[in-house]
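Novice: To convert, take the position in the sequence shown, counting from 1, and add 209; that gives my numbering.
The beta carbon of each residue, even a glycine, is placed where N, CA and C say it ideally should be.
All figures in this text were calculated on a predicted structure; none of them were measured in a lab.
After the C-alpha cells below, expect a handful of questions from me.
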Amino acid sequence: MPWRRPCSSISSLRSPDRCLRRARDEKSVKRSEPSFRKIRGRCFAEIYRLVRRIPRGRVASYGDIAALCRANVSARVVGWALAVCPPDVPWHRVVNRDGRLTIGRRALWLQQLQRDLLQAEGVTFLAEDQVAIEAHRWRARRTAPSSVARSSPRKISAAEDSR
C-alpha cells in the first residue's frame, strides 16, 4: 500500500472531512473477503425463520436452533442473532439448554419480560429463572430442501417399465 500523509498534516486541517473520506476509502480497500454483514444477514435470516416456527407455549434451546440451521453455527451465534432480532421474531421462546433465562445476565428487566411472555403462553417454571424445558421443548424436524433428490431411487414396476 502506498505511503500516505498522516491526517494530522496542515493540509488535512483545512478540510476536516478529508480524514474521514480517507479512512472510509482505506477500510473499503482492505476488505477483500466477503462482507461480515452479508454472511451475518444470511445466517441470521435462517435463525429468525427457525425461531418464528416455534409454536406458542413451546421453547427451544439456543443449541436446538443451531443444530437445525443449515449453516454451521453455534449456540452463541444464535444468541447474537436474537440480541439484534426484528420485532416479529419471538426471541422469548429460546432459552439455554437447562431451561434457564440467560438474558438476565444482560438486564434483569429483560429476564422479567421473557418470563412474563412465556407465562402468558402457558409455559411452566421450575424456578424463578428456569423453564420446565422437557415439558415444553419444541422438537422440530429438519426439513430437507425441495431441490434435494430422494435418498433411495423409486422402484419401477413391470407395468410402468413396459410403457
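I need the straight-line Cα distance from alanine 290 to valine 298, nearest angstrom please.
Specialist: Their backbone Cα atoms lie some 11 angstroms apart in a straight line.
Novice: Given lysine 239, which residues of its chain have a CB within under 6 angstroms of its CB, disregarding the five upstream and five downstream residues?
Specialist: For lysine 239, the pLDDT reaches just 45, beneath the cut-off of 50, and the residue's location in the model is therefore unreliable, leaving the point undetermined.
Novice: Going by CA-CA distance only, name the one from Gln321, Arg348, Arg258, Arg350 that's closest to glutamine 336.
Specialist: A small correction: the amino acid at residue 336 is alanine; glutamine does not occupy that position in the sequence shown. When each option's Cα is compared against that of alanine 336, the closest is Gln321.
Novice: Are the CB atoms of tryptophan 347 and arginine 279 within a distance shorter than 8 angstroms?
Specialist: In this structure, tryptophan 347 does not lie closer than 8 angstroms to arginine 279 by Cβ.
Novice: Using the three-state DSSP reduction, which class does arginine 309 fall into: helix, strand or coil?
Specialist: Arginine 309: strand per DSSP, three-state reduction.
Novice: Would you list the one or two residues that DSSP bridges to serine 270?
Specialist: Paired residue(s): Val304.
Novice: Report back the beta-carbon spacing between tyrosine 257 and asparagine 305 to the nearest angstrom; my notes put them in contact at under 8 angstroms.
Specialist: Tyrosine 257 to asparagine 305, Cβ: 19 angstroms. No contact.
Novice: Figure out for me which residue from Arg251, Ala341, Gly331, Gly250 has the closest Cα to the Cα of aspartate 307.
Specialist: Ranking the options by Cα distance to aspartate 307, first place goes to Ala341.
Novice: Taking only the alpha-carbon atoms, compute the straight-line gap between valine 287 and alanine 254 and give it to the nearest angstrom.
Specialist: Valine 287 and alanine 254: Cα-Cα distance of roughly 11 angstroms.
Novice: By the three-class DSSP mapping on this structure, what secondary structure does alanine 329 have?
Specialist: Helix.
Novice: State the DSSP-derived secondary structure class of valine 293, mapped to helix, strand or coil.
Specialist: The answer is coil: DSSP assigns valine 293 none of H, G, I, E or B.
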